[in-house]
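Residue numbers (the numbering used here), protein chains in the order written: chain A, 629 to 743; chain B, 37 to 446.
We treat Cβ as the ideally placed atom computed from N, Cα and C, and that holds for glycine.
Contents: one structure, followed by commentary.
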């Protein structure tokens, strides 16, 4: 089964990190990605640019609204995701707990709706 | 918090497992016993601030739980023979508690029911945490890295199994004792190892799982004084726990065993562990936990002689591998071998188990491999192995340590 691990964290804290801490974090993420691949669990994943670089879009009553920034004003923002293959939720949760993002933010684990 | 609230909370902490064990042993229905007790505790919190704490809080709670249960039976129109049976059992429980002025401690029976071979192994330790120690399902789910809903379902299923399969709340007969005791000790050790990852008690919600496991270990060793393995398990846990203060430095960073400051090891706890190992050995029946305790004892030798006894560790792991066939023991044996004979010998021993598919996501294998490769001077292979270990690590402090080691390869 496929699960999406969505990594939420306070992006202002990540941006304020000292360069060497940022590098260490990146190295930990790379190691995590490699371990997912080596275990045959990796399907995909990406880091996202900060929310200020994006937009939200919605169409209501025929009107298209385009707004700056994220959909909801929350303390933690979606900063990246992994798509993994896992036998069940238990296994997916274990992978999520190993993600370096879990130590600074929150991971949401969601099964992918199989079509 | 008012004194009444504190008293009720204390009764919950100290009396919960005892009351539940007693009710469940009489009725064999854990889930109903839990509901009845939860209701009794809620009533106590409501009543005690007004009426004062009763002379015997446990007897009060038992009566309240019994009344609630009997009410429920009447409302649910339970078949009359089943109702009679339960009413009788509850009346008997009440009468016994009143005549003895105390509730008999049947928690060991509850442990044996929770760790019965018919209960799925992953549910055994969580069941003990919930029923004997009164942990809530959310805390248990976190300790086992499982979604709360999945854990709750597992616990409900296990309780239904105990009721429907008629799993006894009893200390097993001699013929069954060895096998059943293994399962119970294994569950207690699982509780202990789940507490191992949080040496600083960083999570304010978590009551120390390690301390709770040691408490369970003491209970089993006391009730079964002729059995050596409970003493072995208790010694193993005490040895590991004695090093608690040395496992992190002042900055919260991970300190590996051979770099720990032995003056921070808890001497009285080490001495207690040693005494238990000797008592257990007198029975002349060595087994898994006694061997593991002896291995910890050989490590602890550094506190007394300045040096760990690596040769003894290798021999003990040989015994453990032969006894259990455990790949974890084989990895630890390879590490010990590298200390007594050199990194190349250790690496060769690791290679012997490298084909095991379970190692793909087993962090300690990759951390051990990385360290041995680094010590043989193979930096590139060591870096790759460190990356696997870093990517598989759950504990941020240990992840930092591994990243520093990797950076130190040069």
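Residue i, DSSP secondary structure in three states
{"i": "residue 707/A", "result": "strand"}
{"i": "residue 736/A", "result": "strand"}
{"i": "residue 328/B", "result": "helix"}
{"i": "residue 435/B", "result": "helix"}
{"i": "residue 333/B", "result": "helix"}
{"i": "residue 258/B", "result": "helix"}
{"i": "residue 645/A", "result": "coil"}
{"i": "residue 205/B", "result": "coil"}
{"i": "residue 171/B", "result": "coil"}
{"i": "residue 284/B", "result": "strand"}
{"i": "residue 89/B", "result": "coil"}
{"i": "residue 667/A", "result": "coil"}
{"i": "residue 389/B", "result": "coil"}
{"i": "residue 315/B", "result": "helix"}
Chain A within 8 angstroms of residue i, Cβ atoms only
{"i": "residue 430/B", "result": "yes"}
{"i": "residue 107/B", "result": "no"}
{"i": "residue 427/B", "result": "yes"}
{"i": "residue 285/B", "result": "no"}
{"i": "residue 447/B", "result": "There is simply no residue 447/B to check, as chain B begins at 37 and stops at 446 in what is shown."}
{"i": "residue 302/B", "result": "no"}
{"i": "residue 222/B", "result": "no"}
{"i": "residue 439/B", "result": "yes"}
{"i": "residue 406/B", "result": "no"}
{"i": "residue 5/B", "result": "The requested residue 5/B is not part of the displayed model; chain B covers only 37 to 446."}
{"i": "residue 396/B", "result": "yes"}
{"i": "residue 156/B", "result": "no"}
{"i": "residue 186/B", "result": "yes"}
{"i": "residue 435/B", "result": "yes"}
Contact with chain B by residue i, beta-carbon distance below 8 angstroms
{"i": "residue 647/A", "result": "no"}
{"i": "residue 655/A", "result": "yes"}
{"i": "residue 739/A", "result": "no"}
{"i": "residue 633/A", "result": "no"}
{"i": "residue 674/A", "result": "no"}
{"i": "residue 726/A", "result": "yes"}
{"i": "residue 662/A", "result": "yes"}
Paired residues, beta bridge with residue i - DSSP
{"i": "residue 696/A", "result": "683/A"}
{"i": "residue 673/A", "result": "710/A"}
{"i": "residue 633/A", "result": "710/A, 737/A"}
{"i": "residue 110/B", "result": "None, per the DSSP bridge assignment."}
{"i": "residue 639/A", "result": "In the DSSP output, where bridge partners are listed per residue, residue 639/A has none listed."}
{"i": "residue 691/A", "result": "688/A"}
{"i": "residue 210/B", "result": "Residue 210/B pairs with nothing; no bridge assigned."}
{"i": "residue 290/B", "result": "284/B"}
Cβ neighbours of residue i in the same chain (closer than 7 angstroms, five flanking residues each side left out)
{"i": "residue 571/A", "result": "In this structure chain A extends from 629 to 743, so residue 571/A is not present and cannot be described."}
{"i": "residue 648/A", "result": "none"}
Nonlocal neighbours in the same chain, by C-beta distance under 6 angstroms from residue i, ignoring five residues either side
{"i": "residue 256/B", "result": "266"}
{"i": "residue 51/B", "result": "94"}
{"i": "residue 177/B", "result": "184, 187"}
{"i": "residue 79/B", "result": "100"}
CB contact check: residue i to chain E, cutoff 8 angstroms
{"i": "residue 688/A", "result": "You won't find chain E in this structure, because its protein chains are A and B."}
Exercise. Is the segment 310-318 of chain B touching the segment 254-267 of chain B in the sense that three or more CB pairs, one from each, lie closer than 8 angstroms?
Worked result: A contact exists between the segment 254-267 of chain B and the segment 310-318 of chain B.
Problem set entry | Any 3 or more C-beta pairs closer than 8 angstroms across the segment 734-743 of chain A and the segment 641-661 of chain A | Fewer than three pairs of CB atoms, one per stretch, sit closer than 8 angstroms, so the segment 734-743 of chain A makes no contact with the segment 641-661 of chain A.
Exercise. Between the segment 156-163 of chain B and the segment 216-234 of chain B, do at least 3 Cβ pairs fall closer than 8 angstroms?
Worked result: yes
Problem set entry | Stretch pair the segment 689-709 of chain A + the segment 632-649 of chain A: three plus CB contacts closer than 8 angstroms | Yes, the segment 689-709 of chain A touches the segment 632-649 of chain A.
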